[in-house]
Amino acid sequence: MSDKKDVATEQLIKNTAKKLFFGEGRFNATTQEIADAAGINRTLINYYFRSRDNLFNTVFEDAQQQEINFTDMVVFSDMPFREKIERYLDMYFEQAKEYPYLEIYMVTQMNQGSCFKDPEQISRVLDKFYLEIALEMDKGNIDKMRPEQFLLNMISLTSFPVTMRPLLQETMGFKTEEYDRLMEERKQIILNTLFK
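First residue of the sequence shown: 0, per numbering that gives the first Met the number 0; consecutive thereafter.
Set out below in C-alpha cells:
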C-alpha cells in the first residue's frame, strides 16, 4: 500500500469509528462492526490501531483536541466578545448535531479520571476568557457576577440539552429532526439570556 492510501484508510477507520461511537452512541461497537461500517477488512483496524480500545482512545483524543483547538482559536481571536460566543455556539451545536453522544462520553471519561492532557493550555484559555467577561461586565453588556458564573451559565445552557438529548427527546416526544430544530433556536435564546 502507498503512504497516501495508508493515511486514507487510517482516516476512514477513524471517521467511521467516530460516527459509530459519538454519532450513534455505540460505545461498545466491535472492531468487526467498525470494519463492516467502513467497508474494510477487520485486520486493517488491528494493523493501524492494534486494538479497539486504542482506536477508541485515538478517536476520543482527536475529538477532544479538535474542540480545544477551536476554542483556543475563538478565544484568542480579535473578534468582539459576543461574536466569540456566537462562533463557539455555532461550533458546539454543529458538533452536537453530528456527534450527539460525544459530550456524554466526555463527561463519563472525566468521571473516570481521564482529563485534558494540557491543563496549562486550558488555564491560559480560561484566564483570557475570564478577563474578557470582566471587561464586558464593566461595559454593561452582561450582568455583574463572578466570571466563573457566566461560564457556568453558558455551559449549562448549551450542554444540558445536548447531554440529556436522548431522555429529553423521548419524554418530550420529539423526533430527531424536531429536536434538531429546537437546538437551532437555542443559540438565540442563549445569547438573549447571557447578554443584556
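Just so it is clear, CB atoms sit at the ideal spot from N, CA and C, and this is done for glycine as well. Remember, it's a predicted structure, so these values are computed and weren't measured experimentally.
Check	Outcome
Same chain, Cβ closer than 6 Å to residue 91, neighbours up to 5 away in sequence not counted	157
Alpha carbon of residue 135 to alpha carbon of residue 67, nearest angstrom	23 Å
Local conformation of residue 49 per DSSP, three classes	coil
Neighbourhood of residue 36 by C-beta, 7 Å cutoff - its chain only, sequence neighbours within 5 removed	15, 19
Completely contained alpha helix (DSSP H) runs for the segment 152-194, where each covers 4 or more residues	164-171, 175-193
Candidates 174, 47, 12, of which the one nearest residue 32 by Cα	12
6 Å CB neighbourhood of residue 149 in its chain, flanking five on each side removed	132
For residue 0, three-class secondary structure by DSSP	Here the model assigns residue 0 a pLDDT of 48, short of 50, so the residue's position is not dependable, and the following value carries that caveat. Three-state result, residue 0: coil.
Segment contact flag, the segment 43-52 with the segment 82-89, C-beta cutoff 8 Å, min 3 pairs	no
Range covered by the alpha helix (DSSP H) that runs through residue 110	101-110
Cβ-Cβ distance between residue 58 and residue 17 below 7 Å	yes
Nearest residue (CA-CA) to residue 186, options 155, 75, 65, 24	155
Environment of residue 141 [buried if 16+ CB atoms lie within 10 Å]	buried
Environment of residue 153 [buried if 16+ CB atoms lie within 10 Å]	buried
Classification of residue 6 by the beta-carbon crowding that lies within 10 angstroms, buried from 16 upward	exposed
Three-way DSSP call (helix, strand, coil) for residue 93 in this model	helix
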